[in-house]
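The structure appears right after this line, and notes come after that.
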Amino acid sequence: MATKLNLKELSKREDRLAPGHRLCAGCGAGIVVRQILAAIDEPVVLSNATGCLEVSTTIFPYTSWRVPWIHNAFENAASTMSGVETAYRALVKRGKIPEQNVKFIAFGGDGGTYDIGIQALSGALERGHKMMYVCYNNEAYMNTGIQRSSATPLGANTTTSPAGKVIPGKMQPRKDLTAICAAHNIPYVAQASPHNWRDLMEKARKGVAADGPAFLNVLSSCNRGWRHDTSTTVEVMKLATETCVWPLYEVENGVWRLTYKPKVKKPVTEWLEAQGRFRHLFRPENQYMIERIQADVDEKWERLLKLCGEA
Amino acid sequence: MSEFKALDGTGAVAEAMRQINPDVVAAYPITPQTAIVQTFSEFVADGLVDTEFITVESEHSAMSACVGASAAGARVMTATSSAGLAFMWEILYVAASNRLPIVMTNVNRALSAPINIHCDHSDSMGARDAGWIHLFCENAQEAYDTVIQAVRIAEHPDVLLPVMVLFDGFITSHAEERVEIFDDAKVKAFVGEYKPKHSLLDLDHPVTYGPLDFTDYYFEHKRQQVEAMRHAQKVILDVADEFAKTFGRKYGLFETYRLDDAEVAIVVSSSTAGTARAAVDKLRAQGAKVGLLKPRVFRPFPAQEMVAALQHLKAVGVMDRAISFGSMSNAGPLFLELAAAMKIYDAGVPMADFVFGLGGRDIVPSQIEGVFRSLLQIAETGRVSELVSYVGVRE
Ligand SMILES: Cc1ncc(C[n+]2csc(CCOP(=O)(O)OP(=O)(O)O)c2C)c(N)n1
Ligand SMILES: [Mg+2]
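So the protein lines, in turn, are chains S and X. Numbering of the first sequence is given in the working numbering, commencing with residue 1 and proceeding in unit increments. Numbering of the second sequence is given in the working numbering, commencing with residue 1 and proceeding in unit increments.
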């Protein structure tokens, strides 16, 4: 029987990511990882792409990981985990190690997943390794100083898409990686956010229980890059969901389903206002950008509702 | 009982891999290596091995998966060539630095551009500082023998470094030869079982592989890799001894041919050494005192041993199948390294570099005889008029 998703029970468990790591105050990544690992009852082996999570948890001679963990490089958390998972099957088959229902989980940032790692990810999903890939998505290359990625939202000010005198931040909407992963026809794909911890934990459980690869795209605020107070991390992510900028849904064996539907769809400005990275958009000459963002969110939300049979 | 089979280099390596039956293979096709993964796929499909074969989507992922599988305690092998090796480059360092005993056959092929599928040594020479052991093979038999030895070398507790087995694209990879294939059981016994010290799958002893080093530890970790490389030389020789006792063929750090009483010699690795041997015999029959040294172990570079074997000569010519662009006189990597060693250990022998065979350009006995004649002239005059020359190029 799986442990009940009850906060009191779960809080008694020893964290698999130990305290004392060097992630920033208010960082979403640590919350995402701890929620996911707390949801999973089985033993886990992890791989981690280069990025904030990796550098802040394994400063030699220390490690924050109480479970087996490997970092290889930036773009290959998925292929590295392919090797680990395959080794497990090979060694179990040959009787060299016991079968222990190990769950294999790869963590990568949005840069390591949407951009430089998309080939390795796609390959691993297509090959059907029994592993769950988690993108902790802080919507930019944070480790190297807030550069835009293909997950960076339209209009965001980053250090390589700066809000300048003629160009108001990033001019492209984000790539829809969740749908790209769903198009691999793997058993489980989901989008989540840690402000809705129960939803995220249930998805993590479904992901590792799937008979094949699973992909979770999890929103993960970076207050350094998004420019909000360290204490408002959870609220800001909640706003992303309430404005339908970051819908929570899953694609289970090809069936799309919204796992949360806001009672009232808030205007996108509420989410934009909460973050300094969008401040420039509120200048009169950039009004058109806000309209573009709202139109983009509306269009994608409608499409998602259709896919989920809600429209 | 051994069996003699007609096999090309790729077939010989595939046979060795069949007998080793590694836990995991992750590989990607590229000419002229492709036949290795194809043949091995057939072994998997026919149940001749029970290896888990990961058909990755690129060489970058091949090496990345090898790193993951090896860190998980599996015995891991792969194979590549040229652009594939170049694509792995980043992860070659990761494999060596994490001390993962991966065995990889690299069938030497030129690098682009222009794209060229034929032999030269630019690919593995470009990776010479990545921390791998490099073993050059002259023919299919040596490739087979060396893959078997490589497993033992890589996994030796004093070494724990990845090994590259190298031989010439097409010339060796695709030419059929008579190859002695040992008894399956004997090979199995020789390679033994891999017992990893630190495995990701040892759930009771969780390990962190690939952490972040700041300025306070990185240097020490690199220093430890140097120690492993230093140990490798002895282990390579020990494994070769045991191999000779078990299977009868002897291997060393390099091979010499009619060198002891020679006055001039060529240093050349891989298939060209065979051609050079014929040239030596022909010139010897004419009374010229010529000899040959064929490097086998390029990493770790056996500097002192090579100098000891060459210092009695009056001229040494290195034949390089690669160029280190922008280096001293744009020489080849083998020359640069050997010339440094000869100077450091006071050999006092005049040397010249002969770059040849780039992009698979043929090298024929008469050209090697020409190199010997140049060396005999250097020996006579004591003067090197051209430090680097190009054999068989249209100027
Ligand atoms: C091949 C390669 N290119 C670039 C880098 C530099 N680099 C390291 S982390 C990083 C950004 C990571 O961004 P992301 O994956 O979004 O993770 P985050 O740091 O935001 O958590 C970059 C560009 C690298 N390590 N390797
Ligand atoms: Mg990021």
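Positions of the beta carbon are idealized from the N, C-alpha and C atoms, including for glycine.
**OP:** Residues of the stretch 202 to 231 of chain X with a CB closer than 9 Å to any CB of chain S: list them in chain order, please.
**Re:** Going along the stretch 202 to 231 of chain X in chain order, one finds Asp202, Leu203, His205, Pro206, Val207, Thr208, Tyr209, Gly210, Pro211, Leu212, Asp213, Phe214, Asp216, Tyr217, Tyr218, His221 with a Cβ nearer than 9 Å to chain S.
Original post:
What are the residues that DSSP puts in a beta bridge with tyrosine 389 (chain S)?
Top reply: Absent from the structure is residue 389 (chain S), since the part of chain S shown begins at 1 and ends at 311.
Subject >> Interfacial residues, the stretch 56 to 83 of chain X to chain S, with Cβ spacing under 7 Å >> reply: Val56, Glu57, Ser58, His60, Ser61, Ser64, Ala65, Cys66, Val67, Gly68, Ala69, Ala71, Ala72, Gly73, Ala74
**OP:** Going by CA-CA distance only, name the one from X:Ala240, X:Val264, X:Val147, X:Thr246 that's closest to alanine 309 (chain X).
**Re:** X:Val264
Original post:
DSSP state of glutamate 395 (chain X), grouped into three classes?
Top reply: Secondary structure at glutamate 395 (chain X): coil, using DSSP grouped into helix, strand and coil.
**OP:** Measure the alpha-carbon distance for alanine 274 (chain S) versus serine 64 (chain X) and round it to whole angstroms.
**Re:** Within the model, the alpha-carbon separation for alanine 274 (chain S) versus serine 64 (chain X) is close to 40 Å.
Original post:
Taking the continuous alpha helix (DSSP H) assigned at tyrosine 260 (chain S), which residues delimit it?
Top reply: Per DSSP, tyrosine 260 (chain S) belongs to no alpha helix (DSSP H) and is neither H nor E.
Subject >> Element boundaries [alpha helix (DSSP H), containing phenylalanine 335 (chain X)] >> reply: 333 to 344
Subject >> Minimum C-alpha distance to asparagine 138 (chain S) - residue among S:Asn217, S:Ile186, S:Lys96 >> reply: S:Asn217
Original post:
What do you reckon, are the CB atoms on serine 64 (chain S) and leucine 17 (chain S) nearer than 8 Å?
Top reply: yes
Subject >> For glutamate 52 (chain X), the first and last residue of its enclosing beta strand (DSSP E) >> reply: 52 to 54
Original post:
To the nearest whole angstrom, what separates the beta carbons of arginine 277 (chain S) and arginine 227 (chain S), a pair I think is in contact under 8 Å?
Top reply: That pair is a contact at about 5 Å.
Original post:
Ordered along the chain, which non-local residues of its own chain (more than five positions away) have a Cβ less than 7 Å from that of alanine 127 (chain X)?
Top reply: Leu85, Trp89, Leu92
**OP:** List the endpoints of the continuous alpha helix (DSSP H) containing glutamate 252 (chain S).
**Re:** That residue, glutamate 252 (chain S), is in no alpha helix (DSSP H); its beta strand (DSSP E) goes 249 to 252.
Subject >> Burial state of valine 316 (chain X), where buried means 16 or more other Cβ atoms lie within 10 Å >> reply: buried
Subject >> Span separating the alpha-carbon of leucine 154 (chain S) from that of glutamine 172 (chain S) >> reply: 5 Å
Subject >> Residue range of the alpha helix (DSSP H) that includes glutamate 15 (chain X) >> reply: Run containing glutamate 15 (chain X): 9 to 20, per the alpha helix (DSSP H) assignment.
Original post:
Taking the continuous beta strand (DSSP E) assigned at valine 44 (chain S), which residues delimit it?
Top reply: Taken as a continuous stretch (DSSP letters only), the beta strand (DSSP E) holding valine 44 (chain S) covers 44 to 48.
Subject >> Closer than 8 Å to chain S by CB, isoleucine 399 (chain X) >> reply: Here chain X comprises residues numbered 1 to 395, so residue 399 (chain X) is not present and cannot be evaluated.
Original post:
Is the shortest distance between the beta-carbon of asparagine 72 (chain S) and the beta-carbons of chain X less than 8 Å?
Top reply: By this cut-off, asparagine 72 (chain S) is an interface position.
Original post:
How should aspartate 241 (chain X) be labelled, buried or exposed, when 16 other C-beta atoms within 10 angstroms of its C-beta is the threshold for buried?
Top reply: exposed
Original post:
Between X:Ala352, X:Asp183, X:Val239, which lies nearest to isoleucine 20 (chain X) when the distance is taken from Cα to Cα?
Top reply: From the listed residues X:Ala352, X:Asp183, X:Val239, the smallest Cα separation to isoleucine 20 (chain X) is found for X:Asp183.
Original post:
What residues from chain S crowd round valine 24 (chain X), counting only those whose CB sits closer than 8 Å?
Top reply: Gly83, Thr86, Ala87, Ala90
Original post:
Does the beta carbon of aspartate 110 (chain S) fall short of 7 Å from some heavy atom of ligand 2?
Top reply: Relative to ligand 2, the nearest heavy atom lies less than 7 Å away from the CB of aspartate 110 (chain S).
Original post:
Could one say the Cβ of proline 13 (chain S) lies closer than 8 Å to chain X's Cβ atoms, at least one of them?
Top reply: A small fix is needed here, since residue 13 (chain S) is arginine in this sequence, not proline. With a threshold of 8 Å between beta carbons, arginine 13 (chain S) makes no contact with chain X.
Subject >> Contact under 8 Å by Cβ, serine 270 (chain X) with glycine 123 (chain S) >> reply: no
**OP:** Flag lysine 93 (chain S) as yes if its beta-carbon sits less than 8 Å from any beta-carbon of chain X, otherwise no.
**Re:** So yes, lysine 93 (chain S) belongs to the interface.
Subject >> Unbroken beta strand (DSSP E) run spanning leucine 293 (chain X), endpoints >> reply: Here the beta strand (DSSP E) through leucine 293 (chain X) covers 290 to 295.
Original post:
Beta-carbon of isoleucine 180 (chain S) versus every beta-carbon of chain X: anything under 8 Å?
Top reply: no
Subject >> threonine 50 (chain S): CB within 7 Å of a non-hydrogen atom of ligand 1 >> reply: yes
**OP:** Sort out for me which residues DSSP pairs histidine 134 (chain X) with in a bridge.
**Re:** X:Met164, X:Arg299
Original post:
According to the neighbour-count rule (16 or more other Cβ atoms, all chains shown, within 10 Å of its Cβ), is methionine 132 (chain S) buried or exposed?
Top reply: With at least 16 other beta carbons inside 10 angstroms of its own, methionine 132 (chain S) counts as buried.
Subject >> Expected contact under 8 Å - CB spacing of threonine 230 (chain S) and glycine 26 (chain S) to nearest Å >> reply: 3 Å
Original post:
Looking at the C-beta of threonine 241 (chain S), does it have a partner C-beta in chain X at a distance below 8 Å?
Top reply: Interface criterion not met: the Cβ of threonine 241 (chain S) is under 8 Å from no Cβ in chain X.
Subject >> Nearest-angstrom Cα separation, counted from arginine 22 (chain S) out to serine 193 (chain S) >> reply: Those two C-alpha atoms are separated by around 22 Å.
Original post:
Going by C-alpha distance, which of X:Phe325, X:Phe4, X:Arg373 is nearest alanine 279 (chain X)?
Top reply: X:Arg373
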